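Residue numbers (this note's numbering), protein chains in the order written: chain A, -4 to 114; chain B, 1448 to 1816.
The C-beta atom is built at its ideal place from N, Cα and C for all residues, glycine as well.
Only a predicted model underlies this, so the values are computations on that prediction, with no experimental measurement involved.
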């Protein structure tokens, strides 16, 4: 047993680091990572499907004014809204959201759909 | 120490509280240990520290949103919860899941088993002070969790199940990475088996401790590796409709010791077996669709079972024909393993109590959802 341990100690002098030298060497982010929910607001038609399907009630859609609001603290990054959006307006960015000190909702303003009977 | 006065015994036992905060426990449970001079004579459990009332969310969420609630019942074995829920609804509504989806669910389920057993092995080594082995097992676990991030998007709560199949597919890059991972892990797990199984200090601390026989286990209702460590061959993966296990070569792993050493070796060998199952499933993956488009409206009652890393998990569902369920009831394996724990404790010394409590793999957040 002593020889096994001595052999391991001598080997450890010549092998490299067992861990990464963070922050000089960072692991690259994978493409599939679900980091943060974002929207292309010009493609949104305010059909409200994402609000109905969200399991965590994180999305609020105001159809009359054309405002799409997200509460990022409630979002569980499950990807259901991205997959169910027929117009490809929502997407997941693969960077984590930076730490924050206030719990604020994020709103985007787009063009609301025209009512029937109007021009 | 007995205190007698005139033939009357005044004090013989002390009561020492164990938990809910303890360095060895992953989740809070309280045990009142009755001691007579360092030997444990009895134990009284008390649970309820992390009850969140998740079954009551049935009124507020519909069937598809409940998948994400069920996943978050446990933070270690979460994929098997959503897989069991989806399988119950599919059985009730007679939905046929495509073959590729069954294989993908099995691959992610076995990856979860590997990560859960590696977590447990690390905590077990920490329970008797072997901290460097704790660090090494969790370092290897990071590689498993990295593979889950590459294939499914997040580390542990992966949200891939949907009623009718899975939502994500494995492309060719991911399949190559999975094959490299399984090849690398073969040698690493063999080294762990030697480090855990042949170490004299671990053998001294675990052999002969917490012995329970097969008849006592069956009478008290134990499940999972705790049951298989006493020589009873019972595993839910032998059922015909769970995932894709009927197409893979699978034999339950059984040890005959009945003590802590046997239970530890069952989990160590299951990790090696899970690695082989992943490799076989990736090689046999059939082509085809990954889900069917359905709008389930279940009516009636249904039960289904699945093998979690800790034992047999059972879901009961009652539907009334609308998009909301009537009742959801979950029975988790740690709840069934607490009576055998109370039978294992009397007769051991107080320093053995953390080792015995950890040997049933307590997941208390599953027990009291």
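Tell me whether residue 1682 of chain B sits in a helix, a strand or coil according to DSSP, three-state version.
-> Here residue 1682 of chain B sits in coil by DSSP.
Does residue 1816 of chain B get closer than 8 angstroms to chain A when you measure Cβ to Cβ?
-> Not one chain A Cβ lies under 8 angstroms of residue 1816 of chain B.
In angstroms, rounded to a whole number, what distance separates the CA positions of residue 1 of chain A and residue 1486 of chain B?
-> Using only the alpha carbons, I get a separation of about 40 angstroms.
What does residue 1606 of chain B touch in chain C if you count any residue whose Cβ is under 9 angstroms from its own?
-> Any reference to chain C falls outside this structure, whose protein chains are A and B.
Between the Cα of residue 1498 of chain B and the Cα atoms of B:1519, B:1513, B:1507 and B:1479, which residue gives the shortest distance?
-> Answer by Cα proximity: B:1519.
Bridge partners - residue 155 of chain A, DSSP secondary structure assignment | Any answer about residue 155 of chain A is impossible in this case: the structure gives chain A only from -4 up to 114.
Return the residue from the list B:1731, B:1741, B:1656 and B:1649 that minimises the CA-CA distance to residue 1544 of chain B.
-> Of the listed residues, the one whose Cα sits closest to residue 1544 of chain B is B:1741.
To the nearest whole angstrom, what separates the beta carbons of residue 1792 of chain B and residue 1802 of chain B, a pair I think is in contact under 8 angstroms?
-> About 11 angstroms; that fails the 8 angstroms criterion.
Whose C-beta lies closer than 7 angstroms to the C-beta of residue 1658 of chain B among residues of the same chain, with five residues either side of it excluded?
-> Excluding sequence positions up to five before and after residue 1658 of chain B, its CB lies within less than 7 angstroms of the CB of 1705 and 1706, all in the same chain and listed in chain order.
Near residue 90 of chain A, what residues of its chain come up, given a Cβ to Cβ distance below 6 angstroms and the 5 sequence neighbours on each side ignored?
-> Result list for residue 90 of chain A: 30, in chain order.
Measure from the alpha carbon of residue 1569 of chain B to the alpha carbon of each residue in B:1508, B:1479 and B:1643, then state which is nearest.
-> For the residues B:1508, B:1479 and B:1643, the minimum Cα distance to residue 1569 of chain B belongs to B:1643.
Under a Cβ-count criterion, where at least 16 other Cβ atoms within 10 Å of its own Cβ denotes burial, should residue 1532 of chain B be classed as buried or exposed?
-> Residue 1532 of chain B comes out buried.
Below 8 angstroms between beta carbons: does that hold for residue 1536 of chain B and residue 1764 of chain B?
-> Going by C-beta atoms, residue 1536 of chain B is nearer than 8 angstroms to residue 1764 of chain B.
Range covered by the alpha helix (DSSP H) that runs through residue 1716 of chain B = Unbroken alpha helix (DSSP H) run through residue 1716 of chain B: 1707 to 1730.
Which full runs of the alpha helix (DSSP H) of 4+ residues lie inside the stretch 1605 to 1685 of chain B, going along the chain?
-> Runs of the alpha helix (DSSP H) inside the stretch 1605 to 1685 of chain B: 1619 to 1644, 1647 to 1653, 1661 to 1667 and 1672 to 1675.
Between the beta-carbon of residue 1565 of chain B and the beta-carbon of residue 1591 of chain B, is there less than 8 angstroms?
-> Yes, Cβ-Cβ distance for residue 1565 of chain B and residue 1591 of chain B is below 8 angstroms.
Just checking, does the stretch 1770 to 1785 of chain B make contact with the stretch 1625 to 1639 of chain B on the three C-beta pairs under 8 angstroms criterion?
-> A contact between stretches requires three or more CB pairs, one per stretch, nearer than 8 angstroms, and the stretch 1770 to 1785 of chain B fails this requirement with the stretch 1625 to 1639 of chain B.
Ordered along the chain, which non-local residues of its own chain (more than five positions away) have a Cβ less than 6 angstroms from that of residue 1547 of chain B?
-> Counting only Cβ-Cβ distances below 6 angstroms, and skipping sequence neighbours, we find 1733, 1735 and 1737.
Using a beta-carbon distance below 8 angstroms, is residue 18 of chain A in contact with chain B?
-> No, residue 18 of chain A does not count as interfacial toward chain B.
Kindly indicate which three-state DSSP category residue 114 of chain A falls into: helix, strand or coil?
-> Here residue 114 of chain A scores only 46 on pLDDT, less than 50, and its place in the model should not be relied on; the value that follows carries that caveat. Correct three-state label for residue 114 of chain A: coil.
With 8 angstroms set as the bound, which would you pick, yes or no: does the beta-carbon of residue 1692 of chain B sit closer than that to a beta-carbon of chain A?
-> It does not; no Cβ of chain A falls within 8 angstroms.
Unbroken stretches of the alpha helix (DSSP H), 4 residues or longer, contained in the stretch 1551 to 1595 of chain B | Runs of alpha helix (DSSP H) with 4 or more residues, each lying fully within the stretch 1551 to 1595 of chain B, are absent.
Which full runs of the alpha helix (DSSP H) of 4+ residues lie inside the stretch 1479 to 1548 of chain B, going along the chain?
-> Secondary structure within the stretch 1479 to 1548 of chain B: the alpha helix (DSSP H) runs of 4 or more consecutive residues, fully enclosed, are 1510 to 1518 and 1525 to 1539 (chain order).
May I have the straight-line CA-CA distance separating residue 93 of chain A from residue 67 of chain A, to the nearest angstrom?
-> C-alpha separation (whole angstroms): 12 angstroms.
Any residues in the stretch 1780 to 1796 of chain B with a beta carbon nearer than 8 angstroms to a beta carbon of chain A? Which ones, in chain order?
-> So the list is empty, because no residue satisfies the distance condition.
On the three-state DSSP scale, how would you describe residue 1778 of chain B?
-> Of the three classes helix, strand and coil, the one that applies to residue 1778 of chain B here is strand, per DSSP.
Terminal residues of the alpha helix (DSSP H) in which residue 1801 of chain B lies = Going by DSSP, residue 1801 of chain B is part of the alpha helix (DSSP H) stretching over 1800 to 1806.
Cα-Cα separation, residue 1510 of chain B to residue 1772 of chain B | Cα-Cα distance, rounded: 7 angstroms.
CA-to-CA distance, residue 1692 of chain B to residue 1745 of chain B, given in whole angstroms = The straight-line gap from Cα to Cα measures roughly 26 angstroms.
Would you identify the three-state DSSP class for residue 1692 of chain B, choosing helix, strand or coil?
-> Looking at residue 1692 of chain B - three-state DSSP - the assignment turns out to be helix.
Comparing alpha-carbon positions, which option in B:1482, B:1556, B:1491 and B:1503 lies nearest residue 1726 of chain B?
-> It is B:1556 whose Cα lies nearest to the Cα of residue 1726 of chain B.
Could you have a look at residue 1752 of chain B and say whether DSSP puts it in helix, strand or coil?
-> Look at residue 1752 of chain B here: in three-state DSSP terms it is strand.
Would you call residue 1583 of chain B buried or exposed, if buried means 16 or more other Cβ atoms sit within 10 Å of its Cβ?
-> Burial of residue 1583 of chain B is indicated by the presence of at least 16 other C-beta atoms within 10 angstroms of its C-beta.
Based on the DSSP output, what are the partners of residue 1464 of chain B in its beta bridges?
-> Note: residue 1464 of chain B is bridge-paired with B:1479 in the DSSP secondary-structure output.
Would you please verify whether the beta carbon of residue 46 of chain A is less than 8 angstroms from any beta carbon of chain B?
-> By this cut-off, residue 46 of chain A is not an interface position.
Distance between residue 1760 of chain B and residue 1749 of chain B (C-alpha atoms, nearest Å) | One C-alpha to the other measures close to 14 angstroms.
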